[in-house]
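J.:
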Amino acid sequence: MTQALDMDARVSQPGSARAAAASAARSATTSRFGTFAITFGIAFVILYTLFERWNWPFFTYHPAVGRLDFWVNQARPEDGPPMFWYGWVVLSAMAAAVVGFLATLVSLAWLQRVTVFCCVLAALWPACAALAVVVDERASFNAEFLRSVWVVGIPALVGALAVSYLVSARWAERLWTSWLLIMPIGGLAILGYSLMTYFTR
Amino acid sequence: MDMLLGMISIQTFWKILLFVHFALAVVLLAGVTLQAVAVLMPTRQTIGNVVDRAPVVPAASYTTLIVILYVLQALMGAWIYVKYRTYVRIPMEGYRHWWTVGSFEFKEHVVTMGLALLPAYWYFWRQPQPDQHATLRKWVTVFLAFTVWYSFVVGHVANDFRGVGS
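Note that the protein sequences, when read in sequence, are chains A and B. The C-terminal residue of the first sequence carries number 373 in our numbering, and the numbering is unbroken. The C-terminal residue of the second sequence carries number 311 in our numbering, and the numbering is unbroken.
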């Protein structure tokens with residue numbers, strides 16, 4: 173009886189090993205897809221907000237005449253209104269897919285730190301731009317140079333570098349998935365604010 | 146397509162399309178709302194009122210359906226959006242319905258944010274569900290429910306201006 177049980181245990185071992193290997197492989201595949209999905213979501217949201225604000229569509233569609241133009245094309249008035257939304261979505265999706273794929277090639281710890289850098293930069297840049305507008309309006313000297321998107325980018329870049337350098341690996345890991353909710357809400361706040369003219373007329 | 150348009154007028158075609166968009170929106174709304182309620186109130190109770198005793202929805206089983214419907218609805222919305230831009234928005238601006246125009250503009254962004262989160266949403270609901278993502282899974286689901294509800298309400302208001310039955 174004991175021998176039989178031992179035999180059973182020996183026979184079942186290769187099966188268990190195969191099952192464990194299959195489980196590990198499935199888990200690795202899942203986590204790789206998870207890395208892609210989480211990075212894709214964060215990158216898509218940031219890029220879409222940027223492309224919308226800078227008006228960088230992949231193409232412009234003119235529905236009245238059914239014409240598609242590469243990049244931005246402000247058509248003649250007789251061609252009807254141009255539509256950029258499709259172009260922003262397509263460009264953001266393509267760029268985010270590339271970013272998501274690249275994310276699966278690097279180590280998770282490095283990816284989490286880079287994500288902190290990108291997300292803090294994405295948050296600080298518009299914050300610095302808003303601050304620059306306030307300073308320009310209230311300053312006694314000519315501070316119009318502060319309104320340049322590149323000038324306000326410098327403190328944002330320095331701040332993002334500092335935060336991503338100083339943040340601990342544990343915090344970067346804890347924050348990584350949280351960006352997936354923080355970024356869409358922040359993006360919607362920026363995009364919603366840009367539509368204020370419709371609500372204050 | 147030409148054969149179809151030979152049988153019905155172009156206006157009828159767009160109205161049918163808009164109605165299908167609405168009908169699918171109702172299904173999506175029901176699915177995502179049930180799932181959001183399930184993650185917000187996961188405990189089964191045997192006593193209390195009707196709401197308390199409602200059977201717990203097998204939330205994970207809706208995930209693939211919600212993803213497919215969300216993408217389908219975004220594509221249909223993108224198609225109908227062409228008509229909205231030329232046929233609805235211009236008179237809407239003429240009548241100075243700025244709140245409706247602005248809300249619909251915001252809807253574009255809300256739907257896009259929802260689309261961006263779909264792969265992660267699907268990943269978080271996959272079996273086996275890792276406990277480490279439970280909180281995020283809950284809030285991503287709630288966020289998706291918000292995007293669907295917002296789009297539904299704003300789309301309905303725009304439809305009332307010029308659409309099916311208006």
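Note that beta-carbon positions come from the ideal geometry of N, C-alpha and C, so glycine has one too. Computed from a predicted model, the values in this text were never measured in an experiment.
Can you tell me whether A:THR372 is buried or exposed, with buried defined as 16 or more other CB within 10 angstroms of its CB?
T.: Its Cβ having fewer than 16 others within 10 Å, A:THR372 is exposed.
J.: Measuring straight from C-alpha to C-alpha, what distance separates A:LEU293 and A:THR211?
T.: Going by the C-alpha atoms only, they are around 16 Å apart.
J.: So, does the CB of B:ILE155 fall closer than 8 Å to a CB anywhere in chain A?
T.: Taking Cβ atoms only, chain A never reaches closer than 8 Å to B:ILE155, which makes this a no.
J.: Which residues of chain A have a Cβ atom closer than 7 Å to the Cβ of B:GLY247, listed in chain order?
T.: Simply LEU367, TYR370, PHE371.
J.: Give the single residue among A:ASN227, A:THR221, A:ILE214, A:CYS291 whose Cα lies nearest to the Cα of A:VAL270.
T.: Among A:ASN227, A:THR221, A:ILE214, A:CYS291, the Cα nearest to that of A:VAL270 is on A:ILE214.
J.: Can you find a C-beta in chain B that's less than 8 Å from the C-beta of A:PRO356?
T.: For A:PRO356, the answer is yes, since a Cβ of chain B falls inside 8 Å of its Cβ.
J.: Can the beta-carbon of A:GLY364 be found less than 8 Å from the beta-carbon of B:PHE251?
T.: Cβ distance < 8 Å, so A:GLY364 and B:PHE251 count as in contact.
J.: Can B:ARG307 and A:MET255 be called in contact, C-beta distance under 8 Å?
T.: Against a cut-off of 8 Å, the Cβ pair of A:MET255 and B:ARG307 comes out as no contact.
J.: Give the secondary structure of A:ARG225 by DSSP, where H, G and I count as helix, E and B as strand, and everything else as coil.
T.: Correct three-state label for A:ARG225: helix.
J.: Would DSSP call A:THR201 helix, strand or coil?
T.: Because A:THR201 sits at a pLDDT of 49, beneath the cut-off of 50, its placement in the model cannot be relied upon, and the point is left open.
J.: What's the C-alpha gap between B:THR286 and A:ARG310?
T.: Their Cα atoms are separated by approximately 43 Å.
J.: Rounded to a whole number of angstroms, what is the C-alpha to C-alpha distance between A:TRP257 and A:PRO229?
T.: Using only the alpha carbons, I get a separation of about 7 Å.
J.: Would you say the beta carbon of A:VAL292 comes nearer than 7 Å to a heavy atom of the ligand FAD?
T.: For the structure depicted, the ligand FAD is absent and the ligand set is empty, with no information on it obtainable.
J.: Helix or strand or just coil, what does DSSP make of A:MET255?
T.: Reduced to three states, the DSSP call for A:MET255 is strand.
J.: Tell me, to the nearest whole angstrom, how far the beta carbon of A:LEU318 is from that of A:VAL330; I am working on the premise that it is less than 8 Å.
T.: Going by Cβ atoms, the distance from A:LEU318 to A:VAL330 rounds to 15 Å, so no, they are not a contact pair.
J.: Answer with yes or no whether the minimum CB distance from A:THR201 to chain B is below 8 Å.
T.: Because A:THR201 carries a pLDDT of 49, less than 50, the predicted location of this residue cannot be relied on, and the following value inherits that uncertainty. No, A:THR201 lies away from the interface with chain B (no Cβ there is under 8 Å from its Cβ).
J.: With a threshold of 6 Å on Cβ separation, who are the neighbours of A:LEU360 within its own chain once the five nearest residues in sequence on each side are excluded?
T.: Cβ within range, chain order: n/a, list empty.
J.: Please confirm if B:TYR240 has its CB atom under 8 Å from at least one CB of chain A.
T.: So, not an interface residue.
J.: Which residue comes first and which comes last in the alpha helix (DSSP H) that contains A:ARG239?
T.: Counting along the chain, A:ARG239 falls outside any alpha helix (DSSP H), though it belongs to the beta strand (DSSP E) covering 239–242.
J.: Rounded to whole angstroms, what is the Cα-Cα separation between B:VAL255 and B:SER296?
T.: Approximately 8 Å between the Cα atoms of the pair.
J.: Counting only beta-carbon separations shorter than 8 Å, does B:MET258 have a partner in chain A?
T.: So, interface residue.
J.: Does the Cβ of A:LEU232 have 16 or more other Cβ atoms within 10 Å, making it buried, or fewer, making it exposed?
T.: The amino acid occupying residue 232 of chain A in the given sequence is Thr; Leu does not appear at that position. Buried, since its Cβ has 16 or more Cβ neighbours within 10 Å.
J.: Could one say the Cβ of A:LEU296 lies closer than 8 Å to chain B's Cβ atoms, at least one of them?
T.: No, A:LEU296 lies away from the interface with chain B (no Cβ there is under 8 Å from its Cβ).
J.: Quick check: B:LEU281 and B:PHE269, are their CB atoms within less than 8 Å of each other?
T.: In contact: B:LEU281 and B:PHE269 (Cβ atoms closer than 8 Å).
J.: When you compare only the Cα positions, how much space is there between B:GLY151 and B:PHE167?
T.: Roughly 24 Å between the two C-alpha positions.
J.: Rounded to a whole number of angstroms, what is the C-alpha to C-alpha distance between B:GLY239 and A:LEU352?
T.: Their backbone Cα atoms lie some 39 Å apart in a straight line.
J.: Name, please, each residue of chain B whose Cβ falls closer than 8 Å to the Cβ of A:PHE223.
T.: Neighbours of A:PHE223 on chain B: none; closest Cβ ~10 Å, over 8 Å.
J.: Of all the residues that make up the region 285–297 of chain B, which are near chain A by a beta-carbon distance shorter than 8 Å?
T.: For the region 285–297 of chain B, which is checked against every Cβ of chain A, the residues closer than 8 Å are VAL285, PHE288.
J.: How would you list, in chain order, the residues of chain A whose beta-carbon sits under 8 Å from the beta-carbon of B:ALA255?
T.: The question names Ala, yet the displayed sequence has Val at residue 255 of chain B. Within 8 Å Cβ-Cβ: LEU360.
J.: Tell me where the beta strand (DSSP E) around A:PHE313 begins and ends.
T.: Looking at the DSSP string, A:PHE313 is not in any beta strand (DSSP E), and its letter there is neither H nor E.
J.: Are B:LEU316 and B:LEU217 closer than 8 Å when you measure CB to CB?
T.: Residue coverage of chain B in this structure runs from 146 to 311, which leaves residue 316 of chain B outside it and unanswerable.
J.: Residues in the region 212–245 of chain A with C-beta within 8 Å of chain B's C-beta atoms, listed in sequence order?
T.: So the list reads PHE212, GLY213, PHE216, VAL217, TYR220, GLU224, TYR233, PRO235, ALA236, given in the order they occur along the chain.
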